[in-house]
Amino acid sequence: MMNTNLSLESEHVNGTFIQNRDFIYHRETFFNLLGCIATVITTLICITGNVSVILVTLWDEFLKVQASNILIMYLSAIAALTGVFLMIPSAVAVAADHWSFEPGSCKVHAGLNYILACSSSFNIAFISVDRAIAVSYPFKYPTMMTHKIMFFFCGCIFLQSSIIGLIYAVPDWNDYDYSFGVCCLRFKTTSEEEFFQTLIWGNVFCFYTPAVIISFCNAVKIAIAAKMSKKSVHPHLANIAQVSQGSHMRKTIKSMMVVVLMYYICFTPYSVISQ
1 MMNTNLSLES
11 EHVNGTFIQN
21 RDFIYHRETF
31 FNLLGCIATV
41 ITTLICITGN
51 VSVILVTLWD
61 EFLKVQASNI
71 LIMYLSAIAA
81 LTGVFLMIPS
91 AVAVAADHWS
101 FEPGSCKVHA
111 GLNYILACSS
121 SFNIAFISVD
131 RAIAVSYPFK
141 YPTMMTHKIM
151 FFFCGCIFLQ
161 SSIIGLIYAV
171 PDWNDYDYSF
181 GVCCLRFKTT
191 SEEEFFQTLI
201 WGNVFCFYTP
211 AVIISFCNAV
221 KIAIAAKMSK
231 KSVHPHLANI
241 AQVSQGSHMR
251 KTIKSMMVVV
261 LMYYICFTPY
271 SVISQ
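Residue numbering for the sequence shown follows full-length UniProt numbering, beginning at 1 and increasing consecutively.
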């Protein structure tokens with residue numbers, strides 16, 4: 001059983017929060033160690049899997065020449081960095097039952113938290129854009145989406161995510177969240193107006209905007225797939241190149257639908273809980 005203490009430091013009066021409302025509880029050592037072990041195992045799987053993706057992509061000649069794999073490698077690098085710089089410190093904090101590092105490191109941890117989360121969501125959005133262009137313009141795609149364009153996309157992702165991270169981390173708005181085991185934006189460290197404005201705009205920019213881009217791109221792909229299915233009513237009239245192109249396009253659409261589902265499954269709980 002967990003020892004639970006309640007601290008009601010605020011009241012909800014006429015739709016307004018007075019001071020701070022915090023639900024404080026303390027886990028027993030067994031649950032702290034269990035959470036730490038689970039986090040460490042997940043971290044090792046995360047780092048190993050994503051580093052493997054990067055190494056295979058760099059090693060395989062066929063994968064290396066495909067410009068779109070630059071975004072895949074960047075996404076894998078973000079996930080691996082999340083494991084190293086976010087999940088490992090969180091595992092230590094959960095085991096110790098408090099943030100056991102320097103106070104200033106909590107601000108860095110919070111900033112990296114938002115930088116990497118925002119980078120992941122926008123990376124998936126750019127991958128969706130890339131796949132939509134590949135499906136819409138299959139013959140022009142190799143000349144449109146070059147390695148330079150992909151590196152430009154990566155630079156845009158890094159720049160906008162860094163700005164978001166600095167906005168969240170520079171002010172004294174961050175504190176260790178005992179429930180989540182991470183340093184993040186906390187209501188008690190800022191006024192309610194600043195808190196809600198920052199939280200809402202952060203979610204709009206880092207979750208809802210990529211979600212709209214991903215949904216739009218996949219709507220385009222579905223429309224193209226529907227158009228192709230009508231053309232394939234008389235497959236004997238199509239040549240081998242058209243059949244091969246159609247098969248490749250269907251595989252691309254199916255793979256991107258998996259990406260979309262994973263985005264909503266993974267990021268929706270994070271965004272909802274943050275709000």
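Glycine included, every Cβ here is placed at the ideal spot set by N, Cα and C.
Computed from a predicted model, the values in this text were never measured in an experiment.
* To do: Would you kindly work out how many angstroms separate the C-alpha atoms of S52 and C184, rounded to a whole number?
  => 30 Å
* From the DSSP output, read off the bridge partner residues of C183. => Y176
* Asked: How big is the Cα-Cα spacing for A169 and V108?
  -> 7 Å
* To do: Please check the pair F126 and F153, which I expect to be a contact at CB under 8 Å, by giving their CB distance rounded to whole angstroms.
  => 5 Å
* For the putative contact between S121 and I78, defined by C-beta atoms under 8 Å, what is the C-beta separation to the nearest angstrom? -> The Cβ separation is near 10 Å, so there is no contact.
* **Helix, strand or coil at H26 [DSSP, three-state]** => strand
* Under 9 Å between the Cβ atoms of T82 and C106? -> no
* Asked: For V129, which residues of its own chain have a beta-carbon under 7 Å away from its beta-carbon, when the five flanking residues on both sides are left out?
  -> I213, C217
* Considering only C-alpha positions, which residue in the set I200, C36, L75 is nearest to V94? -> C36
* In three-state terms, what does DSSP make of E192? -> helix
* Taking the alpha-carbon positions, what's the M144 to Y264 distance? -> 28 Å
* Own chain partners of L63 with C-beta closer than 6 Å, once the 5 adjacent residues on each side are dropped -> T57, N69
* Asked: Where do the N-terminal and C-terminal ends of the alpha helix (DSSP H) with V170 fall, by residue?
  -> Neither: V170 is in no alpha helix (DSSP H) and is coded neither H nor E.
* Any chance you could list the beta strand (DSSP E) runs of at least 3 consecutive residues sitting entirely within the region 97 to 178, in chain order? => 174 to 177
* Is the beta carbon of G202 less than 9 Å from the beta carbon of I167? -> yes
* Member of F195, P171, S136, K148 whose CA lies at the smallest distance from the CA of I222 -> S136
* Would you decide whether residue 313 is buried or exposed? Buried here means 16 or more other CB atoms lie within 10 Å of its CB. => Outside the modelled stretch of the chain, which goes from 1 to 275, sits residue 313, for which no answer is possible.
* **Rounded straight-line distance, which links the Cα of G49 to that of I133** => 28 Å
* In angstroms, rounded to a whole number, what distance separates the CA positions of V40 and F195? -> 31 Å
* To do: Could you check if V182 is buried or exposed, using at least 16 other CB atoms within 10 Å of its CB as the buried criterion?
  => buried
* Flag this pair as yes or no: are the beta carbons of I115 and S161 separated by less than 9 Å? => yes
* **9 Å Cβ cutoff met for Y208 and H98** => no
* To do: Find the nearest neighbour of N32 within the set M262, A91, K140, K148, judged by alpha-carbon distance.
  => A91
* Asked: If you draw a straight line from the alpha carbon of V260 to that of D175, how long is it in whole angstroms?
  -> 32 Å
* Asked: When we look at the beta-carbon of I157 and count the other beta-carbons within 10 Å, is it buried (16 or more) or exposed?
  -> buried
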